[in-house]
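From first to last, the protein sequence lines stand for chains A and B.
Going by the working numbering, the letters in the first sequence line up with residues 632 to 1008, in that order.
Going by the working numbering, the letters in the second sequence line up with residues 4 to 298, in that order.
Backbone N, C-alpha and C define an ideal beta-carbon position, used for all residues, glycine too.
Source: prediction; values computed, not measured.
Step one of this worksheet: look at the structure below.
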Amino acid sequence: MTTATQPRGGARTADHPATTRSERLRRATRWWPALLLVVVFTVPYSALPLPGLLDGPIGSPGNLQLLALCLVFGALATGYDLLLGRTGLLSFGHALYFAAGTYVTNTVMLEAGLSFAVSALLGLLAGVALSALLGAVSLRVSGIGFSMVTLAFAQAGSILVQRDPGGVTGGEEGRAAPAERLPASLVGIEHTANLYWIALAYLVLVLVVVQWTVRSPIGRVWEGIKENERRVEVLGLRPYGFKLAAFVLAGTLAALGGIVYLLLTGGATPQATTSDFTLSLLVMVVLGGTGTRWGPMVGGILYTWADHRLGDLAGSGAVAGLPSVLRVPLSQPLFLLGALFVAVIYLLPGGVVRLPARLRGARTSRATADREEVLQP
Amino acid sequence: MSTVVLLTFTGLGLGALYFLVASGLSLIFGLMDVLNFAHGALLSVGAYGTWWAASGHLPGAGPAGAGFAFAVVFGTAVGTVAAVLLELAVIRPLYTRPREQILATVGVGLAVPALLSAIWGSDARPFPGPKALSGTFGLLGAEVPLNRIVLIGAALVVLTALKLFLGRTRHGLVVRAGVEDRAMVTALGIDVRKAFTLVFAIGGAAAALGGALGGLYFGSVDPEQGTSLLIFAFVVVVTGGMGSLTGAALASVAVGLVQQFANYYTTAGLGDLAVVVLLAALLLVRPRGLTGRLA
C-alpha cells in the first residue's frame, strides 16, 4: 500500500530495486506490438504448421489469403469502432463506404480502362465524398434515428448494386477485377505474400490513424460526445462537425479497406454491400471490445477466422457423423457466430480483450476473500 | 385505369405487410427504447410455422379452408411464443444496458434465419395456400389478387384491435403511459416489465401473422424474407415517428404505394430507392417523423 502512494520519482531510487526492475520490464513490454508486428511480417517466410488453427503450413498461399482477410477485417472493425466505441454513433451503413471503395475502383478499371493506381484514388475519393454527403444528411438526426437513416442509405446502395444499372456492377454475380490493369506483382497465387503485406500495412495504417486521432484534441471531443453530447454543447462546441469528422474518417478508412479487399479477393461482389456486412462489423467490434485500442482488431481477426474455419468444420466428416440435433445448427457458421455473440454480450461485457483483466480481477477478489477468511477465527 | 387499381391494391397489400411488422417495432421501441433487430426473425418464424403446419405436418391443419386458418393461427402462436421467449431470455437480463439489448437482438436476428436455413435449406419453399385465396376478383377492369385483400383486412383488424387495446384497457393505458414516460410509470408503483413482455408478445404476434400472410403474398417462404422486410419496416417506423401507431399505419401505406408506383412507372428497383430518398428528405424537414412524436 505504501509503495502505491509514493510519488513516481521515489519509486526510481536505489532503495527499491524490485520496483525499478518491474518498471524496466514494463517499459520493455510496452514494445510488444512492435515485436508482434515483426513476427506477423515474417509469416510468409514461415512453414510452421498450426494444427487446429490453420490447415497446413502457415505460409501457404491459402493460409496467407485467410490471414490477410483476417487482418483486413481487423482493420475494418478498428475503423468502425471510431464511430461506435469512440464517438458513440451506432451506424448501420458502414458497408456502403467499404463497397464504394471496392466497386468504384473495380468499375473504373473495367469501364474507363484506367490504371489501378488512378482507379484506387478515385475509389478512395468516392468513399470520402459519399461519407461526407450522406454523413451530413444522416447526422441531422441523432440516436436511433441516425442508425436507421444510415441503414436506409446503405440499403439503397445495396439495391442499386444488385439491380445492375447499365451493366456496370454485374448485379448479383459481381464482377471480377481485370487482371491486365493490376500490377503484375499483385496478381496470381504466387504473389499472395505481397497481398498479405498490403493487408498488414493497411491494418497498421488504420491502427496508427485511429490511435493518433483519438489522442488528438478532436478525439477528446469525440469522447465527450460519447459520454454526454449535451455537455459538449454547453462547453460551446458544436458536436455536429466533430461527429461528421469521425464519420468521414471512418468512411475513408472503410473505402481504403474496400480497395485492399478488391485486390485480395480479385473482384467486387454484392455481399459486401448488404446490411449483414455492417452487422458482422458490429459483431466483430463488440466481440473484441468497443472503445479499446486492440479490441476491435482482435474481434475482427477472431470473427473472420472463425467464419472461415467453422465453414470448413461444417463440411468435415466430424460434423457429418453427429446426430441431426447437433449437426444441423453446426452446419451454419452464422448461427454459431450469432449465438456466440449473444453469449459474449452476457458473459463478457467489454469484449474478449477484457478477459485477462476480468480473470485477474476474479483471482484477486478470491485471494482477498481467502485472506479475510483466514483472518476471521 | 386497371393498372392504377392493381398497383394501388398491391401497394396497399405491401403496406399492410409493413404495418404488421412496423406496429410491433414501433411499440417496442416507444416503450423500451429497444430497436428489435430480431423482429424480422419473428416474421420468418411465423412464416415457417404456418408453412410447416399447412404442409400437412400438423394434424388438423392443411392448405385449404379451416385447416389453413388453423395453420395461420398456429404460425402466429409460434411467433408469439418466440417473441415472449426472446423478451424473457435475451432482453430482460439486459435491462440496465440498453445498447447491449440492441446488440443482442442483432445476434438473434443473425442466428435465427441461419438456423431456419440449416433446418429447411436456404432456398425458397413454395407456400401452400387455399385455392379460394389464390384467385382474383374484378374491380374497375382490373384483376386484383385476393391475397392483397386478405392482407389489408388483417392489417385493419390488427390496427383496430391495437387501438382498442391501447385506448380502452388498463394494460393499454400502462403501455401508453410507458411510451410517454417510463420512469414516471415506474415511480407510480406499476411494474412496467410486465408491459414489456406484453408488448413483445403483441409485436411478435403481429409480425408472425405478417409472416403467415406474407407467404400468401409472395407465394413462397425463405429464411431471409423477414430480414429484407425488416429494413423497410424500419423506414416505416422512422417515417411515422417512433412509438406512434397511427404514424406507422400512415407511413406504411405511403411507403407501400410509393414503392409500387415508382417500381412500375420507372425502372424496377427505383421505387425502393425512392422510399429511402423520401425518408432522408422527410427527416431533413421534420427530424421527428410524420406525426412529430419524440424519437
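message: Below 8 Å on the Cβ atoms is my contact criterion, and I expect I890 of chain A with G732 of chain A to pass it. Report the Cβ-Cβ distance as a whole number of Å.
response: Rounded to the nearest angstrom, the Cβ distance from I890 of chain A to G732 of chain A is 5 Å, consistent with a contact under 8 Å.
message: Strictly under 9 Å for the Cβ-Cβ distance: is T636 of chain A near chain B by that measure?
response: Caution applies to T636 of chain A, whose pLDDT of 43 falls short of 50 and renders its modelled position unreliable; the value that the coordinates give is listed next. Not one beta carbon of chain B lies nearer than 9 Å to the beta carbon of T636 of chain A.
task: Determine which residues of the stretch 759-780 of chain A have a Cβ less than 9 Å from any Cβ of chain B, and write them out in chain order.
output: Those would be L765, V768, S769, R771, V772, S773, G774, I775, G776, S778, M779 and V780, in chain order.
- prompt: Which residues in the same chain as G18 of chain B place their Cβ atom closer than 6 Å to its Cβ, once the five residues preceding and following it in sequence are excluded?
  reply: Around G18 of chain B: S255, V256 and G259.
field: Residue of B:T79, B:L286 and B:D194 minimising C-alpha distance to V161 of chain B
entry: B:T79 is the residue among B:T79, B:L286 and B:D194 whose C-alpha sits nearest the C-alpha of V161 of chain B.
- prompt: Looking at the C-beta of F878 of chain A, does it have a partner C-beta in chain B at a distance below 9 Å?
  reply: No Cβ of chain B is located within less than 9 Å of the beta carbon of F878 of chain A.
- prompt: Candidates A:G754, A:V671 and A:I820: which alpha carbon is nearest S691 of chain A's?
  reply: Among A:G754, A:V671 and A:I820, the Cα nearest to that of S691 of chain A is on A:I820.
- request: Compare the C-beta of A283 of chain B with all C-beta atoms of chain A and state if any pair is closer than 9 Å.
  value: It does; some Cβ of chain A falls within 9 Å.
- request: Note down, in chain order, every chain A residue with its Cβ under 8 Å from the Cβ of I234 of chain B.
  value: For I234 of chain B, the residues of chain A that pass the 8 Å Cβ criterion are L782, A783, Q786 and S906, in the order they occur in the chain.
message: Does R95 of chain B come out as helix, strand or coil in the three-state DSSP assignment?
response: The answer is helix: DSSP assigns R95 of chain B an H, G or I state.
Span separating the alpha-carbon of R940 of chain A from that of L685 of chain A: Each residue's Cα considered, the two are about 8 Å apart.
message: Strictly below 8 Å CB to CB, what residues from chain A border S120 of chain B?
response: Near S120 of chain B (Cβ distances below 8 Å), the residues of chain A are Q963.
message: Using a Cβ-Cβ distance cut-off of 9 Å, determine whether Y728 of chain A contacts chain B.
response: For Y728 of chain A, the answer is no, since every Cβ of chain B falls outside 9 Å of its Cβ.
message: Within 10 Å of its beta-carbon, does D275 of chain B have 16 or more other beta-carbons around it, so buried, or fewer, so exposed?
response: By the Cβ neighbour-count rule, D275 of chain B is buried, with 16 or more other Cβ atoms within 10 Å of its own.
- request: Note down the Cα distance separating T673 of chain A from A25 of chain B, rounded to an integer number of angstroms.
  value: Taking the Cα positions, T673 of chain A is about 53 Å away from A25 of chain B.
- prompt: Are G27 of chain B and S247 of chain B close, meaning C-beta to C-beta below 9 Å?
  reply: The Cβ-Cβ distance between G27 of chain B and S247 of chain B does not fall below 9 Å.
- request: Give the DSSP-derived three-state secondary structure of F22 of chain B in the structure shown.
  value: DSSP places F22 of chain B in helix when its eight states are reduced to three.
query: Within 9 Å (strictly less), CB to CB, does R173 of chain B reach chain A?
result: Not closer than 9 Å to any Cβ of chain A, the Cβ of R173 of chain B fails to qualify, so no.
- prompt: Along chain A, in chain order, which residues have C-beta atoms closer than 7 Å to that of A56 of chain B?
  reply: Identification of chain A residues near A56 of chain B by a Cβ-Cβ cut-off of 7 Å yields none; the smallest Cβ-Cβ distance measures about 20 Å.
With 16 other Cβ atoms within 10 Å as the buried cut-off, status of R658 of chain A: Taking a 10 Å sphere around the C-beta of R658 of chain A, we find fewer than 16 other C-beta atoms and assign the residue as exposed.
task: State the Cα-Cα distance for the pair G207 of chain B and L191 of chain B, rounded to the nearest angstrom.
output: Their backbone Cα atoms lie some 28 Å apart in a straight line.
- prompt: Per DSSP, what kind of secondary structure is V759 of chain A in: helix, strand or coil?
  reply: Of the three classes helix, strand and coil, the one that applies to V759 of chain A here is helix, per DSSP.
message: Between which residues of its own chain and V772 of chain A is the CB-CB distance below 7 Å, once the five residues before and five after are set aside?
response: Closer than 7 Å at Cβ, skipping near neighbours: V780.
query: So what does G141 of chain B bridge to, in DSSP terms?
result: B:E146, per the DSSP bridge assignment.
- prompt: Would you say M245 of chain B faces chain A, with C-beta separation under 9 Å as the test?
  reply: Yes, because at least one Cβ of chain A sits closer than 9 Å to the Cβ of M245 of chain B.
message: For A210 of chain B and T269 of chain B, what's the separation of their Cα atoms in angstroms?
response: Straight-line Cα distance between these residues: approximately 30 Å.
message: Could you tell me the alpha carbon to alpha carbon distance between G68 of chain B and F40 of chain B, rounded to whole angstroms?
response: Going from the Cα of G68 of chain B to the Cα of F40 of chain B covers about 34 Å.
query: So T921 of chain A and L715 of chain A are in contact, right, with Cβ under 8 Å, and what is the actual spacing, rounded?
result: The Cβ separation is near 6 Å, so the contact holds.
field: Interface flag, A970 of chain A vs chain B, CB-CB below 9 Å
entry: For A970 of chain A, a Cβ of chain B is located within less than 9 Å of the residue's own Cβ.
field: A824 of chain A versus L666 of chain A - alpha carbon distance
entry: Answer to the nearest angstrom: the Cα atoms are 20 Å apart.
task: Spell out whether any CB of chain B is found under 9 Å from the CB atom of R794 of chain A.
output: At least one chain B Cβ lies under 9 Å of R794 of chain A.
message: On a Cα-Cα basis, can you pick out the residue from A:I689, A:E854 and A:A743 that is closest to A717 of chain A?
response: Checking the displayed sequence, the identity of residue 717 of chain A turns out to be Arg instead of Ala. Comparing alpha carbon positions, the residue from A:I689, A:E854 and A:A743 closest to R717 of chain A is A:E854.
message: I'd like to know whether the C-beta of L913 of chain A is nearer than 9 Å to at least one C-beta of chain B.
response: A Cβ of chain B is located within less than 9 Å of the beta carbon of L913 of chain A.
message: So for R806 of chain A, helix, strand or coil by DSSP?
response: Judged by DSSP in its simplified three-state form, R806 of chain A adopts strand.
task: With distances taken Cα to Cα, identify the nearest neighbour of L756 of chain A among A:V845, A:T736, A:S962 and A:R994.
output: Comparing alpha-carbon positions, the option among A:V845, A:T736, A:S962 and A:R994 lying closest to L756 of chain A turns out to be A:T736.
- request: Would you tell me roughly how many angstroms separate the C-alpha atoms of G981 of chain A and L965 of chain A, rounded to the nearest one?
  value: Roughly 22 Å between the two C-alpha positions.
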